[in-house]
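Enquirer: Take a look at this one; I'll ask things after.
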Ligand code: NIG
Ligand code: FE
């Protein structure tokens with residue numbers, strides 16, 4: 018496809034491209050390719066032999082050294098803003114305590130809530146910036162960040178302000194998700210409905226008024242919130258014109274995914290205990306399944322998400338780090354590519370689709386992001402690899418040579 022070459026600002030030559038334009042059915046490979054950028058968007062791509070005439074006095078031409086260009090990576094599920102850490106719980110779990118036991122004994126999410134409430138906004142920003150920098154250096158150009166360690170108005174807003182500032186500090190697109198319904202704070206012990214009143218009547222209106230979130234998420238689980246409470250949050254979010262997501266079927270099957278499908282959620286995330294009916298509901302609602310191999314690995318889970326059935330039912334599968342202090346203190350999207358294949362048995366094409374086009378779908382930005390396609394954002398990663406599957410195959414040597422966000426080189 019061609020647009021006027023007069024508007025081109027940058028041209029990458031001597032590259033190979035994995036467009037990811039066919040979703041997870043193929044890499045969409047163009048070898049011996051070139052790609053032009055205009056006004057931060059992809060303006061042309063194709064075989065280098067078919068490159069139209071252009072003015073090389075106004076276009077910056079970059080030799081890609083026969084490397085591979087993919088869409089910039091998208092981490093569509095993280096909790097990177099928090100105080101403290103939970104290394105002590107890691108030790109307890111190694112001695113045999115379960116994630117749920119720790120949560121039920123006052124540890125878990127609630128212990129991070131204490132540390133996050135106590136932390137200053139600047140301290141939260143500084144610690145999250147370190148995590149985000151590590152993720153950016155792995156090729157991430159878009160990341161979703163959830164609140165959910167405040168569980169009171171003041172701290173939830175503080176977390177979302179930090180998430181917003183992170184997007185100003187680093188050249189990354191940040192999508193912010195309000196996860197007020199993440200856990201029950203101690204001051205509402207035995208009154209989950211009362212806490213949900215606070216979430217929908219006070220927190221959510223303020224979050225919207227201050228324009229601090231793009232989506233709303235709920236932890237629908239035995240140690241989180243039940244179906245009726247989850248539904249109240251969904252309804253309130255939709256009233257405020259925010260999209261919805263859900264943490265569901267991670268530790269048990271409560272039916273959270275089916276409920277989310279009923280309300281046209283963008284995604285349901287975790288899904289180890291997802292039943293057949295939930296899969297069907299996801300297909301019908303065109304939802305994305307966000308799979309989190311880091312949490313599966315770190316909690317030493319044994320029950321796999323129903324990958325085979327998701328695939329058979331054409332549910333788009335995304336992969337994310339779930340970076341958080343309790344269940345996945347892991348900040349490497351490259352490691353997730355490897356674990357998606359080794360632990361979840363995704364093919365390398367599915368794994369890469371999981372951090373590009375399908376991750377974009379999980380965030381509702383797939384009409385302009387996540388594929389290499391004319392008119393899409395020029396968010397691109399250039400890799401020193403000989404074949405695309407290398408991105409999933411090896412881990413520990415960073416093959417990223419250049420990262421481009423909105424048309425500009427950022428690494
Ligand atoms: O996605 N499931 C709930 N939330 C996080 C865990 C948060 C925590 O343990 O701090 C998750 O795994
Ligand atoms: Fe999570």
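Residue numbers (this note's numbering): 18 to 428.
Cβ coordinates follow ideal geometry from the N, Cα and C atoms, glycine included.
Quick caveat, the model's predicted, so the values are computed rather than measured.
Please classify residue 55 as buried or exposed, where buried requires at least 16 neighbouring CB atoms within 10 angstroms.
Expert: Start at 1 with the first residue of the chain shown, and residue 55 comes out as number 38. Buried, by the Cβ-count rule.
Enquirer: When the distance is taken between beta carbons, is residue 308 closer than 8 Å to residue 335?
Expert: For the purposes of this step, residue 335 is taken as residue 318 along the chain shown, with counting starting at 1. For the purposes of this step, residue 308 is taken as residue 291 along the chain shown, with counting starting at 1. In this structure, residue 308 lies closer than 8 Å to residue 335 by Cβ.
Enquirer: Following the continuous beta strand (DSSP E) through residue 110, name the residue where it begins and the one where it ends.
Expert: Reading the chain shown from its first residue, position 93 is the one you call residue 110. Taken as a continuous stretch (DSSP letters only), residue 110 belongs to no beta strand (DSSP E), being part of the alpha helix (DSSP H) at 104-111.
Enquirer: Could you pull the start and end residues of the beta strand (DSSP E) that residue 64 belongs to?
Expert: The count along the chain shown starts at 1 and reaches residue 64 at position 47. Here the beta strand (DSSP E) through residue 64 covers 58-64.
Enquirer: Could you give the DSSP three-state label for residue 269: helix, strand or coil?
Expert: Position 252 of the chain shown, counted from the start, is the residue given in the question as residue 269. Correct three-state label for residue 269: coil.
Enquirer: Where does residue 83 sit, in a helix, a strand or coil, going by DSSP?
Expert: Start at 1 with the first residue of the chain shown, and residue 83 comes out as number 66. DSSP places residue 83 in strand when its eight states are reduced to three.
Enquirer: Answer with buried or exposed for residue 97, where buried requires no fewer than 16 other C-beta atoms within 10 angstroms of its C-beta.
Expert: As a working note, residue 97 is residue 80 in the chain shown. By the 10 Å Cβ count, residue 97 comes out buried.
Enquirer: State the DSSP-derived secondary structure class of residue 322, mapped to helix, strand or coil.
Expert: Translated into positions along the chain shown, residue 322 becomes position 305. Residue state, collapsed to three classes: coil.
Enquirer: Assuming the contact rule is C-beta atoms closer than 8 Å, residue 389 and residue 361 should be a hit. Round their C-beta distance to whole Å, please.
Expert: For this step, residue 389 is matched to residue 372 along the chain shown. For this step, residue 361 is matched to residue 344 along the chain shown. Not really, about 25 Å apart at Cβ, beyond 8 Å.
Enquirer: CB of residue 348 to nearest heavy atom of ligand 2: below 7 Å?
Expert: Position 331 of the chain shown, counted from the start, is the residue given in the question as residue 348. It does not: the Cβ of residue 348 is nowhere closer than 7 Å to a heavy atom of ligand 2.
Enquirer: Evaluate residue 87 with the Cβ neighbour count: other Cβ atoms within 10 Å of its Cβ, from every protein chain shown; 16 or more gives buried, anything less gives exposed.
Expert: Locating residue 87 in the chain shown gives position 70, where the first residue counts as 1. Buried is the call here.
Enquirer: Three Cβ pairs or more, each shorter than 8 Å: is that satisfied between the segment 342-355 and the segment 409-417?
Expert: The segment 342-355 is in contact with the segment 409-417.
Enquirer: In this structure, does DSSP put residue 184 in helix, strand or coil?
Expert: By one-based count along the chain shown, residue 184 stands at place 167. The answer is helix: DSSP assigns residue 184 an H, G or I state.
Enquirer: Are residue 164 and residue 173 touching if we call contact CB-CB under 8 Å?
Expert: One-based indexing of the chain shown puts residue 164 at position 147. One-based indexing of the chain shown puts residue 173 at position 156. Cβ atoms of residue 164 and residue 173: closer than 8 Å.
Enquirer: May I ask whether a heavy atom of ligand 2 can be found less than 7 Å away from the beta carbon of residue 339?
Expert: What you label residue 339 is simply residue 322 of the chain shown in a count that begins at 1. Yes - ligand 2 has a heavy atom lying nearer than 7 Å to the Cβ of residue 339.
Enquirer: What residue range is occupied by the uninterrupted beta strand (DSSP E) comprising residue 422?
Expert: Counting from one through the chain shown, the residue named residue 422 turns up at place 405. Taken as a continuous stretch (DSSP letters only), the beta strand (DSSP E) holding residue 422 covers 417-422.
Enquirer: Measure from the alpha carbon of residue 255 to the alpha carbon of each residue in 281, 242 and 238, then state which is nearest.
Expert: Counting from 1 along the chain shown, the entry for residue 255 is found at position 238. Checking every option, the nearest Cα to that of residue 255 belongs to 281.
Enquirer: How about residue 278 and residue 93: do their beta carbons lie closer than 8 Å?
Expert: Counting from 1 along the chain shown, the entry for residue 278 is found at position 261. Counting from 1 along the chain shown, the entry for residue 93 is found at position 76. For residue 278 and residue 93, no; Cβs fall outside 8 Å.
Enquirer: Any heavy atom of ligand 1 within a distance shorter than 7 Å of the CB on residue 472?
Expert: Nothing about residue 472 can be reported from this structure: the residues present for the chain run from 18 to 428 only.
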